[in-house]
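The listed protein sequences correspond, in order, to chains A and B.
Add 11 to the 1-based position in the first sequence for this note's numbering, that's all there is to it.
Add 11 to the 1-based position in the second sequence for this note's numbering, that's all there is to it.
Number of protein chains: 2
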Amino acid sequence: MTKYEKIAEDVQSKIEQGEYKPNEQIPLVTEMCDTYGVSKITVKKAMDLLVLRGLIVKRRGAGSFVKNIEIGALQSFPEMSSQLSGFSADYANTPVRVTSVVHDFSIVSPSEKVADKLKITSGDFVYQICRTRLADGVPKVIEYTYMPIDVIPGLKKEDVEASIYHHIEKELGLTVYSAHRTVRAVMPTVLEKERLSLEDHIPLLEVEQVAFLKDGRIFEYSTTRHAGNTYEFYSISVRENA
Amino acid sequence: MTKYEKIAEDVQSKIEQGEYKPNEQIPLVTEMCDTYGVSKITVKKAMDLLVLRGLIVKRRGAGSFVKNIEIGALQSFPEMSSQLSGFSADYANTPVRVTSVVHDFSIVSPSEKVADKLKITSGDFVYQICRTRLADGVPKVIEYTYMPIDVIPGLKKEDVEASIYHHIEKELGLTVYSAHRTVRAVMPTVLEKERLSLEDHIPLLEVEQVAFLKDGRIFEYSTTRHAGNTYEFYSISVRENA
DNA sequence: AAGTGGTCTAGACCACTTC
DNA sequence: AAGTGGTCTAGACCACTTC
Numbered sequence: 012m013t014k015y016e017k018i019a020e021d022v023q024s025k026i027e028q029g030e031y032k033p034n035e036q037i038p039l040v041t042e043m044c045d046t047y048g049v050s051k052i053t054v055k056k057a058m059d060l061l062v063l064r065g066l067i068v069k070r071r072g073a074g075s076f077v078k079n080i081e082i083g084a085l086q087s088f089p090e091m092s093s094q095l096s097g098f099s100a101d102y103a104n105t106p107v108r109v110t111s112v113v114h115d116f117s118i119v120s121p122s123e124k125v126a127d128k129l130k131i132t133s134g135d136f137v138y139q140i141c142r143t144r145l146a147d148g149v150p151k152v153i154e155y156t157y158m159p160i161d162v163i164p165g166l167k168k169e170d171v172e173a174s175i176y177h178h179i180e181k182e183l184g185l186t187v188y189s190a191h192r193t194v195r196a197v198m199p200t201v202l203e204k205e206r207l208s209l210e211d212h213i214p215l216l217e218v219e220q221v222a223f224l225k226d227g228r229i230f231e232y233s234t235t236r237h238a239g240n241t242y243e244f245y246s247i248s249v250r251e252n253a
Numbered sequence: 012m013t014k015y016e017k018i019a020e021d022v023q024s025k026i027e028q029g030e031y032k033p034n035e036q037i038p039l040v041t042e043m044c045d046t047y048g049v050s051k052i053t054v055k056k057a058m059d060l061l062v063l064r065g066l067i068v069k070r071r072g073a074g075s076f077v078k079n080i081e082i083g084a085l086q087s088f089p090e091m092s093s094q095l096s097g098f099s100a101d102y103a104n105t106p107v108r109v110t111s112v113v114h115d116f117s118i119v120s121p122s123e124k125v126a127d128k129l130k131i132t133s134g135d136f137v138y139q140i141c142r143t144r145l146a147d148g149v150p151k152v153i154e155y156t157y158m159p160i161d162v163i164p165g166l167k168k169e170d171v172e173a174s175i176y177h178h179i180e181k182e183l184g185l186t187v188y189s190a191h192r193t194v195r196a197v198m199p200t201v202l203e204k205e206r207l208s209l210e211d212h213i214p215l216l217e218v219e220q221v222a223f224l225k226d227g228r229i230f231e232y233s234t235t236r237h238a239g240n241t242y243e244f245y246s247i248s249v250r251e252n253a
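And the structure:
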């Protein structure tokens, strides 16, 4: 772990512990340089991370301050906002038991749309996966996933039943890097309504995603449809020239 | 504009113009130092901006590469993802005419929930605004907005009929800094269905937002409900230790 | 006028990829 | 072994806020 990551963690934990309270000023850059024994630019880089996480605001000429937000929400918030680790990880630190019903796990030639999203040709093969994910037995979301078999080799039924991200990061040693998402409100199909055990007239939150590995390759095109009354999508936007 | 902003703009425009193509390597950091006559860390800062915008990936030991994405989508994408400028700005560079129907513009004591979101007491007053926004006469979204009158003084009916953000940034000289958002799928109420001229069984995308000024003050709590078939929410997530 | 954070440099050293 | 980007420093100078 780098120095700036350590400093960011330390300050974040002090905010979470209530040592630095909402609206309160945090120590000056120069003080932190002394405290942590680093240069100014390293402190700045650490604090920039906390700005991106939505925890502090910096005001040139005045100092840096804890944002006036729900501290209780912090534990989940920063993680939710990047959301690069999949459904299983959302519940990793909870007692909730995650299971999957696999409706489809096959290798097919991609449709034109899927090939276009994955930036492959229709001659390449892809995994086609459809799963319902359940939390403590309650269906939460239906996932439609496509992954090039060249990029994610060796995917097995067991992985699909458990966690695909585990296979990618732990078995293959690849790193999930970024995701481009589009979110919309939709109505379920008859089949989805049944699979999610939905009442009438419950909308779904659809998240369409193209996901990239650290080496720049696209490894996934997926559409997830979340039962509207049980899922929220979080996002923190910050001016670039913060 | 700073050096790193200029460099980021230059490289981004070269990507948009197709001079640097998807999957192609962009010039080395050392080359860019020569090209732009700056130090390494300035080039790095510029390229970090493009990483956050989802345009490039950087690979230590190998170089930096244009992401394999739709270049055509770029014009809208980076702006959409920060979305800090309101509905009017979304259409600022288009020929679309934005209008508003103001259903409510009053000053009230906030409910407990609103006071909590705005971090004020129920003794403070807030503007309570409900508007339907239309693009070329077609209703697109209903906004429910609350703003403390102390933070945004002098808001008038004309501002609410035109652009509130214009009043905030141009009249008051304040800067919108960041927003924390929660997105869900919901069904319209009977009234919303009428105001948005919706067919039966069309869901809405609800965006609940707490927005901050550069000086750290919360200036807005709003809920916007977008007609589901006409609105998409974009988001780019990137690993922090990119 | 004093104090804050922001930008930028030149350069040392390091982690990682590629060959 | 050679080449890539990443981290970090010490310090100069600047933009902005506060008094």
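Glycine included, every Cβ here is placed at the ideal spot set by N, Cα and C.
Mind reading off the beta-carbon distance from residue i to residue j? Whole number of angstroms is fine, and I expect it under 8 Å.
{"i": "E210(B)", "j": "T193(B)", "result": "26 Å between Cβ atoms; not a contact."}
{"i": "T1(B)", "j": "S111(B)", "result": "A query on residue 1(B) cannot be resolved here, the shown segment of chain B reaching from 12 to 253 and no further."}
{"i": "P33(B)", "j": "I82(B)", "result": "7 Å"}
{"i": "R228(B)", "j": "V162(B)", "result": "5 Å"}
{"i": "L166(A)", "j": "H177(A)", "result": "Not confirmed; about 11 Å, so no contact."}
{"i": "K128(A)", "j": "V221(A)", "result": "6 Å"}
{"i": "F223(B)", "j": "V68(A)", "result": "7 Å"}
{"i": "A126(B)", "j": "S133(B)", "result": "5 Å"}
{"i": "I131(A)", "j": "V77(A)", "result": "No, I131(A) and V77(A) are not in contact; Cβ-Cβ is about 46 Å, not under 8 Å."}
Leaving out five residues before and five after residue i in sequence, what residues of the same chain have Cβ atoms less than 8 Å from its Cβ?
{"i": "V107(A)", "result": "A146 and D147"}
{"i": "V113(B)", "result": "I140, C141, R142, K168, V171 and E172"}
{"i": "G29(B)", "result": "I82"}
{"i": "K225(B)", "result": "L185, T186, V187 and Y188"}
{"i": "L183(A)", "result": "I163, P164 and G165"}
{"i": "G239(A)", "result": "A196, I213, P214, L215 and L216"}
{"i": "V249(B)", "result": "V62, L63 and G65"}
{"i": "E180(B)", "result": "T186 and V187"}
{"i": "E203(B)", "result": "I153, L209, L215 and R236"}
Spatial neighbours of residue i within its chain, please: C-beta separation below 7 Å, excluding the five flanking residues on both sides.
{"i": "T241(B)", "result": "K151"}
{"i": "Y102(A)", "result": "V109 and A146"}
{"i": "L95(A)", "result": "V187 and A190"}
{"i": "K51(B)", "result": "V40 and C44"}
{"i": "V201(A)", "result": "none"}
{"i": "S208(B)", "result": "P150"}
{"i": "D115(B)", "result": "Q139, I140 and C141"}
{"i": "R206(A)", "result": "T143, P150 and I153"}
{"i": "T105(B)", "result": "none"}
{"i": "Q23(B)", "result": "L61 and L66"}
What does a CB cutoff of less than 6 Å around residue i pick up in its chain, not counting 5 residues either side in sequence?
{"i": "F244(A)", "result": "V194"}
{"i": "V119(B)", "result": "Q139"}
{"i": "S37(B)", "result": "According to the sequence provided, residue 37(B) is Ile. The question's Ser does not apply to it. Once the five neighbours on either side are set aside, the close Cβ partners of I37(B) are Y31 and S75."}
{"i": "K14(B)", "result": "V49 and T53"}
{"i": "I18(A)", "result": "Y47 and A57"}
{"i": "N79(A)", "result": "P33 and N34"}
{"i": "S122(A)", "result": "none"}
{"i": "T235(A)", "result": "V152, E154 and V218"}
{"i": "E90(B)", "result": "Residue placement at E90(B) cannot be trusted, given a pLDDT of 45 that sits under 50; what the coordinates show is reported in the next sentence. Same-chain partners within the cutoff: there are none."}
{"i": "L60(B)", "result": "A19"}
{"i": "S99(A)", "result": "V109 and S174"}
{"i": "E16(B)", "result": "none"}
{"i": "E231(B)", "result": "M158 and A222"}
{"i": "A73(B)", "result": "none"}
Going by DSSP, name the residue or residues bridged to residue i.
{"i": "T234(A)", "result": "Y155(A) and E219(A)"}
{"i": "L145(A)", "result": "T110(A) and P150(A)"}
{"i": "D101(A)", "result": "According to DSSP, D101(A) bridges with nothing at all."}
{"i": "L224(A)", "result": "V187(A)"}
{"i": "Y245(B)", "result": "T193(A)"}
{"i": "G116(B)", "result": "First, the residue type needs correcting, since residue 116(B) is Phe and not Gly in the sequence shown. Looking at the DSSP assignment, F116(B) forms a beta bridge with I140(B)."}
{"i": "I229(A)", "result": "F223(A)"}
Any chance the CB of residue i is under 8 Å from a heavy atom of the ligand ZN?
{"i": "L60(B)", "result": "Inclusion of the ligand ZN in the displayed structure is not the case, the ligand content being empty and no account of it being possible."}
Pair every Cβ in the segment 185 to 200 of chain B with every Cβ in the segment 164 to 175 of chain B, then say whether three or more of these pairs are closer than 8 Å.
Verdict: no, contact absent.
Alpha helix (DSSP H) runs wholly inside the segment 16 to 95 of chain B, at least 4 long, in chain order:
Runs of the alpha helix (DSSP H) lying entirely within the segment 16 to 95 of chain B and spanning at least 4 residues, in chain order: 40 to 47, 51 to 63 and 88 to 93.
Where in the segment 158 to 212 of chain B do unbroken runs of the alpha helix (DSSP H), each at least 4 residues long, occur, reported from the N-terminal end onward?
List check, alpha helix (DSSP H) in window: 168 to 172 and 201 to 206.
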